[in-house]
Amino acid sequence: MLMCTLMVALCVSCGSRSSNKNESIDGTYVYQDDISRSVVTISGDKWTMKTQFGAPGYYYGNDAKYDSGKVKGNILYYSGIFEYGEVTGRTLRLAGRSYYKQ
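Numbering follows the numbering used here, with no gaps: position 18 of the sequence shown is 19.
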């Protein structure tokens with residue numbers, strides 16, 4: 002009986018871990034500080050980023066910087082070959098910054 006209970010508990014915990022792996026990372030991730038705001042959008046095997054500069058509420062669209070790349074698993078690649086960032090749960094770590102899923 003004890004062995005059966007342990008097997009069931011193990012199967013349940015394995016099932017919950019695998020469902021987290023299948024959770025989609027698609028969505029919008031945002032980072033903001035005193036001088037800039039960056040928005041990363043992940044969709045399928047591609048990511049795009051728009052960074053605007055200025056004070057919060059007064060971002061200047063003309064100064065926007067755009068980047069893009071590929072996604073493989075939960076890793077973001079720049080130019081298709083350089084690892085650029087990684088998604089863990091609802092957080093994207095990119096260039097030493099944490100972006101949070103909206």
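Quick reminder that beta carbons are idealized off the backbone N, C-alpha and C, glycines included.
What separation, rounded to the nearest whole angstrom, lies between the Cα atoms of residue i and residue j?
{"i": "residue 73", "j": "residue 80", "result": "13 Å"}
{"i": "residue 65", "j": "residue 51", "result": "7 Å"}
{"i": "residue 47", "j": "residue 35", "result": "28 Å"}
{"i": "residue 96", "j": "residue 24", "result": "23 Å"}
{"i": "residue 127", "j": "residue 57", "result": "As displayed, the chain neither begins before 2 nor continues past 103, which places residue 127 out of reach and without an answer."}
Since I believe residue j is in contact with residue i (beta carbons under 8 Å), could you give me their beta-carbon distance rounded to a whole number of angstroms?
{"i": "residue 59", "j": "residue 38", "result": "Residue 59 to residue 38, Cβ: 10 Å. No contact."}
{"i": "residue 101", "j": "residue 91", "result": "6 Å"}
Applying the criterion that 16 or more other CB atoms from any shown protein chain within 10 Å of the CB defines a buried residue, is residue i buried or exposed?
{"i": "residue 86", "result": "buried"}
{"i": "residue 76", "result": "exposed"}
{"i": "residue 103", "result": "exposed"}
{"i": "residue 110", "result": "The question about residue 110 has no answer here: the residues shown for the chain are numbered 2 through 103."}
{"i": "residue 82", "result": "exposed"}
Can you name the residues that DSSP bridges to residue i?
{"i": "residue 53", "result": "38"}
{"i": "residue 43", "result": "28 and 48"}
{"i": "residue 76", "result": "73 and 87"}
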